[in-house]
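In this note's numbering, the protein residues as written are 1281 to 1674.
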Ligand code: USQ
């Protein structure tokens, strides 16, 4: 499908997904504008960690981008939780589509204590409110693509639909938002965002795609493999996610750590699939005035299955054995549960998963082995120490 080049704004362009998405959109011919305040860089360093791959400063990043893609990114430095900042960007560039990837994204970070809980609540919710007001006042035709999470639904004992479901209760029928039941302050901010987006759509008929994304893994996308303009990669206990962490644990000879029984299931997708889906969501927009919810993941797996798969792939690659050690679960979550979420709408729009899990894990391990020295320095921040029940107050 050929799509006319569009003016696309990525809020959170310096992040794991933002930087990979910018490259995907550029390769599709779109004009990219980006904003960031480098929050993730700072907060990751505060827990004594860093991206495994060295990430150049933004100036050098943009230069590298220009050299490879022969395209400038116009960059705005600032905080999306500041309404004046968002209004200024909208006045300047009138984007046709805007991705909101500029929220605090770590569940464990939000559970460290009251300070982090409030920071996550305020920053995330306010940024989305700023965005819908700027859209309404300055650019009501813009398509807002907002990154939410599969974790909004929690793990109910029934199938999960995409956003809405039909219910019959006491003889009457209605179509209602699927119940949300999140498991961390972070995940609840995404629920609150979804409610706010739904309401903004009802008020002002804004065109919105609310993406319920699963856990993303991987070091490369098709574009990054060619450009070598790597995105950040976090593996510490606060900022790293399951599969990326398991791969890093294998490479650093630390035990792979399924939390608790390890039978908890989540939807997962590769970074390449994530940016493909986000691009499809933009190029195949909802109808005028529609609020659309997409469940965005490739397959669901148990944490145990992922740990065992990393162990197997690592053995095939290196001949060495990685240990699996179940550790006390630092989180408060069901460890044995039913899980059957729908994820049909993106397939209907043309999404097809691009790789397979084992190849992706192989690529992650190979990329990590190239950075053994940096990774070695991060060994001390890999094992879990943020226990959610012990979240500190004032
Ligand atoms: N887990 C382990 N061992 C580990 C790390 C995680 O067993 O060393 C387990 C967790 O207990 C959890 C599952 O793996 O059951 C997923 O945890 P995660 O850290 O990979 O992901 P999560 O905290 O849920 O958050 C991540 C992203 C977040 C995104 C979310 C999608 O950080 O931004 O919204 O994935 S989802 O999980 O579908 O809500």
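The C-beta atom is built at its ideal place from N, Cα and C for all residues, glycine as well.
>> For a quick check, are the C-beta atoms of residue 1644 and residue 1502 less than 9 Å apart?
In response: no
>> I'd like to know if the stretch 1426-1445 and the stretch 1508-1518 are in contact, where contact means that at least 3 CB-CB pairs between them fall below 8 Å.
In response: no
> Should residue 1491 and residue 1561 be called a contact, given that it needs their Cβ atoms to be closer than 9 Å?
Replying inline: yes
> Run through DSSP, which three-state label would residue 1621 get?
Replying inline: strand
> Does any heavy atom of ligand 1 sit closer than 8 Å to the C-beta of residue 1464?
Replying inline: yes
>> Going by C-alpha to C-alpha distance, which of 1361, 1340, 1362 sits closest to residue 1352?
In response: 1340
> Can you tell which of 1380, 1504, 1432, 1314 has its C-alpha closest to the C-alpha of residue 1307?
Replying inline: 1504
> Between which two residues does the alpha helix (DSSP H) harbouring residue 1506 extend?
Replying inline: 1502-1507
>> What I want to know is whether the C-beta of residue 1493 ends up closer than 8 Å to one or more non-hydrogen atoms of ligand 1.
In response: yes
>> Measuring straight from C-alpha to C-alpha, what distance separates residue 1500 and residue 1599?
In response: 24 Å
> How many angstroms separate the CA atom of residue 1642 from the CA atom of residue 1566?
Replying inline: 36 Å
> For ligand 1, any of its heavy atoms closer than 8 Å to the Cβ of residue 1403?
Replying inline: no
> For residue 1388, does the three-state DSSP call read helix, strand or coil?
Replying inline: helix
>> Going by the DSSP bridge assignment, what does residue 1515 pair with across the sheet?
In response: Residue 1515 pairs with nothing; no bridge assigned.
> Contact between the stretch 1581-1601 and the stretch 1523-1538: three or more CB pairs below 8 Å?
Replying inline: yes
> residue 1387: beta carbon under 8 Å from a heavy atom of ligand 1?
Replying inline: yes
>> Quick check on the burial criterion: 16 or more other C-beta atoms within 10 angstroms. Buried or exposed for residue 1639?
In response: exposed
>> Please classify residue 1533 as buried or exposed, where buried requires at least 16 neighbouring CB atoms within 10 angstroms.
In response: exposed
> Going by alpha carbons, who is nearest to residue 1287 out of 1356, 1656, 1375, 1326?
Replying inline: 1375
> Below 9 Å between beta carbons: does that hold for residue 1587 and residue 1542?
Replying inline: yes
>> Tell me the DSSP secondary structure of residue 1473 in three-state form.
In response: helix
> For the stretch 1332-1350 against the stretch 1385-1392, are there 3 or more C-beta pairs whose distance is under 8 Å?
Replying inline: no
> When we look at the beta-carbon of residue 1318 and count the other beta-carbons within 10 Å, is it buried (16 or more) or exposed?
Replying inline: exposed
> Would you call the CB atoms of residue 1649 and residue 1555 closer than 9 Å?
Replying inline: no
>> ligand 1 and residue 1577: does any heavy atom of the ligand fall closer than 8 Å to the residue's C-beta?
In response: yes
> To the nearest angstrom, how far is it from the Cα of residue 1420 to the Cα of residue 1646?
Replying inline: 45 Å
>> I want to check one thing, is the minimum distance from the CB of residue 1523 to the heavy atoms of ligand 1 below 8 Å?
In response: yes
>> Given this structure, state the Cα-to-Cα distance separating residue 1290 from residue 1597, to the nearest angstrom.
In response: 37 Å
> Given a threshold of 16 other Cβ atoms within 10 Å of its Cβ, counted over all protein chains shown, does residue 1240 qualify as buried or as exposed?
Replying inline: Since the first residue of the chain shown is 1281 and the last is 1674, residue 1240 is not available in this structure.
> Heavy atom of ligand 1 less than 8 Å from the Cβ of residue 1470, yes or no?
Replying inline: yes
> According to DSSP, is residue 1647 helix, strand or coil?
Replying inline: helix
> Mind checking whether residue 1330 and residue 1293 have CB atoms under 9 Å apart?
Replying inline: no
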